[in-house]
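A.B. asks: Numbered according to the numbering used here, the sequence shown spans residues 2 to 98.
Each residue gets a CB set at the ideal place from its N, CA and C atoms; glycine is no exception.
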Amino acid sequence: MRFTLWQMEEEAERMRQRSLGGVEGAATNQTHATQEIVRLKAELERLERQCSESLAQQQSRHSAECGSLRDQLQESENMRDTLQREVCLLYIFLFFK
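Structure, rendered in structure tokens:
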């Protein structure tokens, strides 16, 4: 079960309100609410950790892809320069022949 932070806070508030609602079973309700809050906080921490790990992986993939694209660009620019030199040589050869 996945909760957003807002949903967790709403659920905790509902539990708090229920626990304050009546004298009978107040201790049981308070204990249940406390346990649920602890569970929800643990779930939130787990989700935050997952998001952090996912972000780190995405950043790593992005960096690797950028590096690869830079290498491809450099290779393409080198090839362009080589071809431009060849065209100039051909032009000179044909023009001065």
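DSSP three-state call for residue 42: helix, strand or coil?
C.D. replies: Of the three classes helix, strand and coil, the one that applies to residue 42 here is helix, per DSSP.
A.B. asks: Which of helix, strand or coil does DSSP assign to residue 83?
C.D. replies: DSSP places residue 83 in helix when its eight states are reduced to three.
A.B. asks: How close, in whole Å, do the beta carbons of residue 41 and residue 13 come, if the pair is a contact with beta carbons under 8 Å?
C.D. replies: Indeed, because the Cβ distance is near 6 Å, the residues count as touching under 8 Å.
A.B. asks: State buried or exposed for residue 34, treating a residue as buried only when at least 16 other CB atoms are found within 10 Å of its CB.
C.D. replies: Residue 34 is buried by the Cβ-count criterion.
A.B. asks: Applying the 10 Å Cβ sphere with the 16-neighbour rule, what's the burial state of residue 10?
C.D. replies: With fewer than 16 Cβ atoms within 10 Å of its Cβ, residue 10 is classed as exposed.
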